[in-house]
Structures are given as structure tokens and as C-alpha cells.
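J.: Can you keep this structure in mind? I'll have questions shortly.
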Amino acid sequence: MLCLVTFIFFVLFGNYDSLNVPGFTEPVYKNAAITSENKVCSDIGVQVLKEKGSSVDAAIAAMFCLGVTNMQSSGIGGGGVLVVYDSKMNNNDRNTVVYDFRETSPRKLPEFAKEHRPSDSRWDGMSIAVPGEIYGLYTAWKEYGKLDWERLIKPSIDLAQSGFGLGQKLWEAANEHASVLKNDEALRSLLFVGEELKSPGSLIVNTKLAETLQIDLENYNVIKRNTIDLDLTGGYKIKSAPLPFGGLVIEAILNILKGFNINPSVLKSDETKANTYHNIVEAFKLGFGLRTRFGDPDFMKAQYLQDLVTFIDPIQGEVLRSKITNQTHEEAYYEPINQLRIDQGTSHLSIVGPDGLAVAVTSSINGHFGSKYLSPTTGILYNNHIKDFNGMEYTEFTQNNELKPDTLSGASSDSTQMDSDLHKPDIVSDAEGPGLRFNTVEARKRPLSSMSPTLVFKNDELYIVIGGAGGPKIITSIVIIHTIWLGLPFDEAIRSPRLHHMLHPNTLFVEKDQKIQGRVIDLLSSVYGHEIMPLPEDEISSIQAIMIQKKSLQGVSDPRSYGGVSGY
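As numbered in mature numbering (1 follows the signal peptide of the UniProt record, and there is no 0), residues -18 to -1, 1 to 550 make up the sequence shown, in order.
This is the structure we're talking about:
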């Protein structure tokens, strides 16, 4: 994805021999592959593997690198989620683990919120959630690490101390937000010369961050979770990050679509292609309608969490699929119960190593440059993930707000009704205990996230390691659909044009591309009733993925973000 940046001080780790496999335009490796949003960071991870470090070691080293070189999207001022698969464990229910180091709201934030509304200027500083990145990576390292912690951080310390070339993606983000970034003295000093933004390739030095990386940050509560799993036809299984992340939405969408028998033949005519895209978009809308019921699982009742999982069982898939007609509909038809904030940003990397481990890790500081506050003493650029929570006001519910997964949209009326207090607005008092609060701010709560590191298995063997950047557009990237159902070559599946719909606004956004222009777009509008707008180039998701096939590893770094693949 990200451009190949020339690091003035940095000596690249040599050339890696790749296999020459016919039909693959991306490099294919024998032993290990890493794909990330910066080629240098991928190289750093590969060098760790060559020194007999674990795949988790490599992920940690590469993520620290991304926090330096791609500071607009990730870093130790934020948080994320890391999924590890261990092929040496025979128990399929225990061979994957999720490390949840999503940022949390400060303990006293709800008290502050009672007195100051989000429009209050004092919310500028209060957009920073408690970072979890360092402790999250450290927790995974304690269980899977082989090399010294200091060894993993050292390349990023060198990058920050000696300087690195201003990459294209970082430059584009800084250029977009230049007027705001210049208001922060530390960011201004780092990225500007006088009033002018430094040009691409210019040396960026962050000595304060280098110093900070050499000390331990304060303790943080990392949560180990299980993946959420979905079986698909053809022997495929999806394992993805659970709530508060986006895996449940992705799997709910796939669960709806698996009954349509999507296959390569639908691409043969404009009519069948338009019908397939329509069904996919309608599944998006249903999935995002469901997402309005989601939040931090540690603030939900156990029975409610069990009911949410029914959204990916076959019966519920049929119920939701029956709502898809030959016309699109207004938002209320998809039964949202509120409107969610739009999370942003993120960086992702995928790794398959020679040690039998595979790692998918996504990190974020939310919007470009997060809170836009760079600490002058630590060099840390802090997140603004408090903005991922819904507003403090009560949300306006639709008429169809009965949360009954077993009876949603047409199932039998004698199904068990959920506890009545689940239908209350999502702000509840402390006296009511941990009930359904959805995605509102509470002390030490994690906001809902679209980050969705995912593993795809084929006949119980690891097939794809995948994840992306782009907020809700990660969920709608449809690379898995392109690969396992439409039969596209893996690199083409990632490069293929994107469709995006997240229910609100009720608009279908389409990436400009000749493959879905012309008559297909006309049909989506004239026959199926979609309001269509172009998807801005700077808002398109970017994917980092690896396919394992015939004992070879094909890594693909989405060209939309100038990244790079490395391996050996």
C-alpha cells in the first residue's frame, strides 16, 4: 500500500527471493510473508523472523515502526486488536486468541460529560481515550515472544531518532489537515518548515518519541477474547475479532449472503452483476442496522450477548435474507435503533511466519492525526477515540426498536422475547448495573470499532490472513466475497472496485472504476432504486492480506495506500 519511502539513515534488510508462480503478480514466498502499510516496516518484521523471532515478535516490531512512519493512523497513543493463530494446537476452538487493547474512556469522563456537552470547547482535549497499544503488544509478547523486547523496539527508536522520509500517505493526510496541525506547536515543528508543509521524502525526526519508546508506560487492562466464528459453504470458516470490533458485522453480512449462491457466473452479464451487487449492498444495510445494537461486551448482559450471536446462525440468516427485495428501502426498514458514530483511520498488518503462527493486527488513533495533539515532552500523538462513542444525548429510536433476534423481521411470534429492560435508551444509571448501554460513554468502557482482523480457513487449513484500514469501509471491502465466491485471483480481489453503504446516510458510494461503471451503475439506480455517489479517493479502505496456497504465501498490499510486502 504505502509508497516505498527512502529512509536516509536506514539500510534495507537485503533482497528476499520469492517464488515465480504463474498467474500471481504479487511476490510469493516459501517461508514467511508480511504485508503492511509501509514496506520498510514489513522489512523490519521479516528481519525479526530471520533472527528466529516469533511471528508475534515480528508483528510487534512492524507495528512500532508503523506508529513512527504512519503516525497519521496509528501509534502508541492509540490502541487496537491482535489475533494470533497457532497451527500447532489441534483444538480448533483454542487455536486462535484475540488480544483486545482497544482504548478505554477515562474513569472520570462520565462525570465531566454530565456538566459539559460535546459542543463545549473543553471537549477538544477530552477526546483522548486511555491508550492501550504498548501494553497490548507487551501482553502478546509475554506469551509468544522469543526475542528481547528491546530488540523489537530498537528499529523504531532508530527511525524516530535518526529520521525517516515523509511518506506519500502521511504527506497527503498532513496536507489535508494542515491548517489544524499548524495550531499544535509540536506537530508544526515536526511536519512544517515555517508555514509550509514539508515535501514528500523530507526528513522527519521525533527524538521525544524515541526517548519515550525506551521506557515502560503505565499498566493497562488487556482483555483476551475468543474469535467469533462462522461456517460458510464449500468448507470455509471465518474467524474474526469479536465485539467491540467489527467481526460480528462482517460475519452477519456473510451469513445473509451465503444463501444467494454467489458464484463466478453472476459476473457474465450486467444484469446478474447488478443484481448481485444489489444483494450485497442490502446485506450491508442490514448488517449496519444490526450494528446499532452493539457496543462493549463487558457492559452488556450475558443473555443479550448470547442473543447477538444468533445473528450469525443459519435461521437468522434466512430471516434477514428474506428482507432483501428487488428494491432498496428507507433506513427504518433495516431496523436501526440509533445512529452510530463513524470511526476512522487505522493501520493493519498481516503475518504468516515459519513458526506455525499467523498474526493479524489492526491499530488506530481514529481520525487522521487523532486528537491532533502531539505531546512536546513524550512525542506521542494521542488518539481521539472518545469521539467513537455515541453522543451524550438520548438517541432518537425508530418505531421498529424491539430487540428480539429470534423474531426480528418475520420469525415466529412465539419465540422467546428478550428481557424488557433491553429496550431502554442506551444511557442507564449505575444503580441498574451492567445492562444494555450500547455505545455511550461510561467509565473505562471501550468504544465500538470497525477494526476487523480476520482469518479464513478452507477445509480446516489456514487460507487467508486479512485486515484493513478505513473505519466502516473495512467492513464493506468484500475481498472475501470476491475471493471465495466470485473466484477472482487474490490480488485482483483486493484491487477490485469497492462499494460502500453503512445505512446512514442512505447512499450507495461507488469507487470510480470502469468495471462497475456504465450500465451496472444505471441498473443499480434505475431498477433497484439506489441513490449513488462516487466514493472519495481518500476515503477508500485499504487491505493487507496473505493467502496460503500449495505451501506458498502470496502477500498483497493494497495499492490504495502505497504499502509493501516482504518475506523470504
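Heads up, the beta-carbon is just placed ideally off N, CA and C, and yes, glycines get one too.
Using a Cβ-Cβ cut-off of 6 Å (strictly less than) and excluding sequence neighbours within five positions of A168, which residues of its own chain qualify?
T.: If we look at A168 and ignore the five residues flanking it on each side, its Cβ neighbours are L356 and P358.
J.: Taking only three categories from DSSP, how would you classify E178?
T.: Correct three-state label for E178: strand.
J.: Among T422, S431, I462 and P429, which one has its Cα closest to the Cα of V438?
T.: The shortest C-alpha separation from V438 is found at I462.
J.: Thinking C-beta only, is S432 closer than 9 Å to I456?
T.: Yes, they are a contact pair.
J.: Reducing DSSP to helix, strand and coil, say where M45 ends up.
T.: Residue state, collapsed to three classes: helix.
J.: May I have a chain-ordered list of the beta strand (DSSP E) segments no shorter than 3 residues that lie completely inside the segment 462 to 528?
T.: You should have 490 to 492 and 514 to 516.
J.: Does DSSP put K240 in a helix, a strand or coil?
T.: The answer is helix: DSSP assigns K240 an H, G or I state.
J.: Of the choices D278, V263 and D295, whose alpha-carbon is the least far from that of T307?
T.: Checking every option, the nearest Cα to that of T307 belongs to V263.
J.: How many Å lie between G537 and T121 at the Cα?
T.: Roughly 27 Å separates the two Cα atoms.
J.: What residues match up with R207 in a beta bridge as DSSP calls it?
T.: For R207, which the question treats as bridged, DSSP gives the partners V80.
J.: So is V492 buried or exposed if we call it buried at 16+ other beta carbons inside 10 Å?
T.: Buried is the call here.
J.: Does the segment 58 to 65 come within contact of the segment 340 to 352, defined as at least 3 CB pairs closer than 8 Å?
T.: Output reads yes: the segment 340 to 352 touches the segment 58 to 65.
J.: Enumerate in chain order the residues of its own chain whose CB-to-CB distance from A160 is below 6 Å, with the five nearest sequence positions on each side excluded.
T.: Cβ neighbours of A160 beyond the five flanking positions: L179.
J.: Can you name, in chain order, every residue of its own chain whose Cβ lies under 6 Å from the Cβ of R501, other than the five neighbours on each side?
T.: Cβ neighbours of R501 beyond the five flanking positions: D252.
J.: Taking V30 and L141 to be in contact with their CB atoms under 8 Å, please state how far apart those CB atoms are, rounded to whole angstroms.
T.: Contact flag wrong, Cβ pair sits at about 15 Å.
J.: Please classify P246: is it buried, with 16 or more other beta-carbons within 10 angstroms of its beta-carbon, or exposed?
T.: Exposed, by the Cβ-count rule.
J.: Where E93 and I26 are concerned, what is the direct C-alpha to C-alpha distance, given to the nearest angstrom?
T.: When rounded, the distance between both Cα atoms is 44 Å.
J.: Under the rule that 16 or more other beta-carbon atoms within 10 Å means buried, what is T436, buried or exposed?
T.: Buried, since its Cβ has 16 or more Cβ neighbours within 10 Å.
J.: The alpha helix (DSSP H) with F270 in it runs from where to where?
T.: Counting along the chain, the alpha helix (DSSP H) containing F270 begins and ends at D252 to R273.
J.: If we call anything under 9 Å between Cβ atoms a contact, is L173 one with T360?
T.: Against a cut-off of 9 Å, the Cβ pair of T360 and L173 comes out as no contact.
J.: Quick check: the segment 313 to 325 against the segment 84 to 93, are there 3 or more CB pairs under 8 Å?
T.: Not touching, per the Cβ criterion.
J.: Express the C-alpha separation of D540 and Q526 in angstroms, rounding to a whole number.
T.: The straight-line gap from Cα to Cα measures roughly 6 Å.
J.: CB I42 to CB T194, shorter than 9 Å?
T.: No, Cβ-Cβ distance for I42 and T194 is not below 9 Å.
J.: With H, G and I counted as helix, E and B as strand and the rest as coil, what does DSSP make of V112?
T.: In this structure, V112 counts as strand in the three-state DSSP scheme.
J.: Give the straight-line distance between the Cα atoms of Y259 and S304, rounded to the nearest whole angstrom.
T.: Distance between the alpha carbons of Y259 and S304 is about 16 Å.
J.: Roughly how many angstroms lie between the CA atoms of Q196 and G217, to the nearest whole one?
T.: Taking the straight line from one Cα to the other gives about 46 Å.
J.: Taking Q536 as part of the beta strand (DSSP E), name the residues at either end of that continuous run.
T.: Element bounds for Q536: S534 to S539.
J.: Less than 7 Å between C-beta atoms, sequence neighbours within five positions excluded: which residues of the same chain meet that for A475?
T.: Excluding positions up to five away in sequence, the list reads V461, H464 and T465.
J.: Which same chain residues end up closer than 7 Å to residue 611 when comparing Cβ atoms and leaving out the 5 residues on each side of it in sequence?
T.: The structure shown has nothing for residue 611, since the chain only spans -18 to 550.
J.: Let me know if T458 comes out buried or exposed under the rule of 16 or more other beta-carbons within 10 Å of its beta-carbon.
T.: T458 should be labelled buried.
J.: Can you list, in chain order, the residues of its chain with a C-beta nearer than 7 Å to that of G228? Leave out the 5 residues immediately preceding and following it.
T.: Within the same chain, G228 has close Cβ partners S431, S432, M433, S434, I456 and I457.
J.: I'd like to confirm the pairing. Which residues does DSSP put opposite D213 in its beta bridges?
T.: Looking at the DSSP assignment, D213 forms a beta bridge with K219.
J.: S171: buried (16+ other C-beta within 10 angstroms of its C-beta) or exposed?
T.: S171 is exposed by the Cβ-count criterion.
J.: Beta carbon of A111, beta carbon of I368: below 9 Å?
T.: In contact: A111 and I368 (Cβ atoms closer than 9 Å).
J.: For N157, does the count of other Cβ atoms within 10 angstroms reach 16, so buried, or fall short, so exposed?
T.: Burial call: exposed.
J.: Around the C-beta of D(-2), are 16 or more other C-beta atoms found within 10 angstroms, so that it is buried, or is it exposed?
T.: Per-residue confidence for D(-2) stands at a pLDDT of 32, beneath the threshold of 50, marking its modelled position as unreliable; the derived number appears in the next sentence. Exposed.
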